[in-house]
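Peer 1:
Number of protein chains: 2
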Amino acid sequence: MELYDLELSGNCYKVRLLAALAGIDLTLKPVDFLAGDHKRSPVIDLNPWGELPVLVDGGTVLRDSQAILVYLASAYAGHAWWPDAPAAQGDVMQWLSVASNEIHYGPNSARLVDKFGYDLDKATTLQISERILGLIDQHLQSNEWLAMGRPTIAECAVYPYIAVAGEGGIDLTPYQNINQWMARIKALPGYISMPGVA
Amino acid sequence: MELYDLELSGNCYKVRLLAALAGIDLTLKPVDFLAGDHKRSPVIDLNPWGELPVLVDGGTVLRDSQAILVYLASAYAGHAWWPDAPAAQGDVMQWLSVASNEIHYGPNSARLVDKFGYDLDKATTLQISERILGLIDQHLQSNEWLAMGRPTIAECAVYPYIAVAGEGGIDLTPYQNINQWMARIKALPGYISMPGVA
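If you read the protein sequences in the order shown, they are chains H and C. Residue 121 in UniProt numbering sits at position 121 of the first sequence; the count goes up by one each step and never skips. Residue 166 in UniProt numbering sits at position 166 of the second sequence; the count goes up by one each step and never skips.
#1: Can you list, in chain order, the residues of its chain whose CB lies under 7 Å from that of Lys14 of chain C, leaving out five sequence neighbours each side?
#2: 8 Å is my cut-off, CB to CB: does His79 of chain H come that close to chain C?
#3: Give every residue of the same chain whose Cβ lies closer than 6 Å to the Cβ of Ile132 of chain H, excluding the five residues on either side of it in the sequence, and list them in chain order.
#4: Quick test of the definition: if touching needs 3 or more C-beta pairs under 8 Å, does the segment 132-150 of chain C touch the segment 53-63 of chain C?
#5: So what's Asp91 of chain H in DSSP terms, helix, strand or just coil?
#6: Going along chain H, which residues have a C-beta under 7 Å from Leu62 of chain C?
#7: Mind the definition here: the segment 173-183 of chain C touches the segment 78-91 of chain C only if three or more C-beta pairs lie below 8 Å; say whether that holds.
#8: Work out the CA separation of Ala165 of chain H and Val113 of chain H for me, nearest whole Å.
#9: Which runs of the beta strand (DSSP E), 3 residues or longer, sit entirely within the UniProt domain "GST N-terminal" (1-80) of chain H?
#10: Tell me, please, whether the CB atom of Ala187 of chain C is closer than 8 Å to any CB atom in chain H?
#11: How many angstroms separate the CA atom of Thr173 of chain C from the CA atom of His104 of chain C?
#12: So, are the CB atoms of Ala77 of chain H and Ile44 of chain H less than 8 Å apart?
#13: Let me make sure I understand the geometry here. Which of H:Arg16, H:Asp5 and H:Ser97 has the alpha-carbon closest to that of His38 of chain H?
#14: Flag this pair as yes or no: are the beta carbons of Pro48 of chain C and Leu135 of chain H separated by less than 8 Å?
#15: Is the CB of His104 of chain C under 8 Å away from at least one CB in chain H?
#16: Quick check on the burial criterion: 16 or more other C-beta atoms within 10 angstroms. Buried or exposed for Ile192 of chain C?
#17: Along the UniProt domain "GST C-terminal" (85-198) of chain C, what residues have a CB closer than 7 Å to any CB found in chain D?
#18: Does Ile44 of chain H have its Cβ less than 8 Å from a Cβ in chain C?
#19: Residues of chain C with CB under 7 Å from Val70 of chain H, in chain order?
#20: Which of the three DSSP states, helix, strand or coil, is assigned to Arg150 of chain C?
#21: For a quick check, are the C-beta atoms of Ala19 of chain H and Leu72 of chain H less than 8 Å apart?
#22: Let me know if Leu3 of chain C comes out buried or exposed under the rule of 16 or more other beta-carbons within 10 Å of its beta-carbon.
#23: Using three-state DSSP, classify Asn179 of chain H as helix, strand or coil.
#24: How many Å lie between Ser74 of chain H and Arg184 of chain C at the Cα?
#25: Any beta-carbon of chain C closer than 8 Å to the one on Ala19 of chain H?
#26: For Ile162 of chain H, which option in H:Leu46, H:Asp32, H:Met148 and H:Ser129 has the closest C-alpha, if you only look at C-alpha atoms?
#27: Quick check: what's the CA-CA separation for residue 212 of chain C versus Tyr118 of chain C?
#28: Can you tell me which of the three DSSP states Ser109 of chain H falls into?
#29: Where does Ile192 of chain C fall in DSSP's three states?
#30: By the three-class DSSP mapping on this structure, what secondary structure does Glu144 of chain H have?
#31: Taking the alpha-carbon of Ala147 of chain H as reference, which of H:Leu34, H:Ala99, H:Trp95 and H:Gly50 has the nearest alpha-carbon?
#32: Using a Cβ cut-off of 7 Å, which residues of the segment 31-58 of chain C contact any Cβ in chain H, in chain order?
Shown next, in the form of structure tokens:
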């Protein structure tokens, strides 16, 4: 099973993190992003979106980090990381949407501006970040984990771009519950980091 | 089972559409959005995000339209609309992320500017729309449906804000495959529309 991977991508880190935590073997295929290899064969043939990560597992080819998390957890980790009961799936799913929506356009995009020079409106990214970090911090006031009272793929989806938010000029100091939650994640057996995680 | 609902919200329409197509009974609780009732009790207590829709099914409370689709399909529609095999879930999940990400910040946001006067950068919403509509049109060139070769909650998640894209000043005429796909959706047994759907 191969993951077309970029070390500095938080989206790729989501998948590497789940694999490490759940003991799933992945063969990493580093893609030279700066050379534009994600826009050329073979990556563009596997993913017309021209984005990383891409997972290839035999005949199964998936783009989108959240979809890859669902697939890997479902295929290789029983129901520990992605539950199968309807209400539990709905609970986790809420956080997969937060990852695709507010985290992507908030902390991820702020970092794209500061670290990679993307031409995005920085003020908007900070505004989205402040709102979502406040909501998450409030949620974690009375919850140790995002969903289900235990670590799930919700953590793998939401944590990475919060953990590197400093690279987008976002100060996490005010978010005490988020900081404690990040410490709990770092203490999980098998945890791995990525460059830029404080 | 109650859906806190706004008729003009494409996110609420996603849920109403699945319920209609899959024969799931919902009691609609209209929320006076213009009066700000989504920011007050009881909605804000059910959903601190202050957004619609919110689903209440006994003790299960869910925000986020994609999470509600997963829950409803899983709890009340067998595996017809949300499959349980890992690769199939991954396939559909890719499109739930497209709904949270590109559709939200593309056609949905363009319509928020034009129809509701939101202060967003219209040019950015059109740029995101053009890219994603092109990719979806390309995908539908060789696929009748977004995932699995049949209608799933991917359609319920992605179709609504494309169907009302004209209200955001987006012309769908060039996207021939999308137009044919929308016609197939409208022909599904039980299909319901919403205001603004051409």
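Ideal Cβ positions, reconstructed from N, Cα and C, are used throughout, including at glycine. Predicted model only: the values in this text are computed from it and were never measured.
Peer 2: So, to answer that:
#1: Result list for Lys14 of chain C: Ser65, Leu69, Cys156, Ala157 and Pro160, in chain order.
#2: Not an interface residue.
#3: Within the same chain, Ile132 of chain H has close Cβ partners Glu102 and Gly106.
#4: Put simply, the segment 132-150 of chain C does not touch the segment 53-63 of chain C. Fewer than three CB pairs are less than 8 Å apart.
#5: Asp91 of chain H falls in the helix class under three-state DSSP.
#6: Within chain H, the residues near Leu62 of chain C are Gly90 and Gln94.
#7: Not touching, per the Cβ criterion.
#8: One C-alpha to the other measures close to 12 Å.
#9: Taking 3 residues as the shortest admissible run, the UniProt domain "GST N-terminal" (1-80) of chain H contains the following complete beta strand (DSSP E) segments, listed from N- to C-terminal end: 2-5, 27-30, 54-57 and 60-63.
#10: For Ala187 of chain C, the answer is no, since every Cβ of chain H falls outside 8 Å of its Cβ.
#11: Their Cα atoms are separated by approximately 21 Å.
#12: In this structure, Ile44 of chain H does not lie closer than 8 Å to Ala77 of chain H by Cβ.
#13: Just measuring C-alpha positions, the residue of H:Arg16, H:Asp5 and H:Ser97 sitting nearest His38 of chain H is H:Asp5.
#14: Closer than 8 Å, so yes.
#15: So yes, His104 of chain C belongs to the interface.
#16: With fewer than 16 Cβ atoms within 10 Å of its Cβ, Ile192 of chain C is classed as exposed.
#17: In summary, chain D is missing from the structure at hand, where the protein chains are H and C.
#18: Judged by the 8 Å Cβ criterion, Ile44 of chain H is not in contact with chain C.
#19: For Val70 of chain H, the chain C residues whose Cβ falls inside 7 Å of its Cβ are Gln89, Gly90 and Met93, in order along the chain.
#20: Of the three classes helix, strand and coil, the one that applies to Arg150 of chain C here is coil, per DSSP.
#21: Yes, these two residues count as a Cβ contact at 8 Å.
#22: Burial call: buried.
#23: Residue state, collapsed to three classes: helix.
#24: So the alpha carbons of these two residues sit roughly 31 Å apart.
#25: At a cut-off of 8 Å between beta-carbon atoms, Ala19 of chain H makes no contact with chain C.
#26: Here the closest residue by C-alpha is H:Ser129.
#27: What is shown of chain C runs 1 to 198, which leaves residue 212 of chain C out entirely.
#28: Note: Ser109 of chain H maps to helix in three-state DSSP.
#29: Secondary structure at Ile192 of chain C: coil, using DSSP grouped into helix, strand and coil.
#30: Residue state, collapsed to three classes: coil.
#31: Here the closest residue by C-alpha is H:Trp95.
#32: Listed by position along the chain: Pro48 and Trp49.
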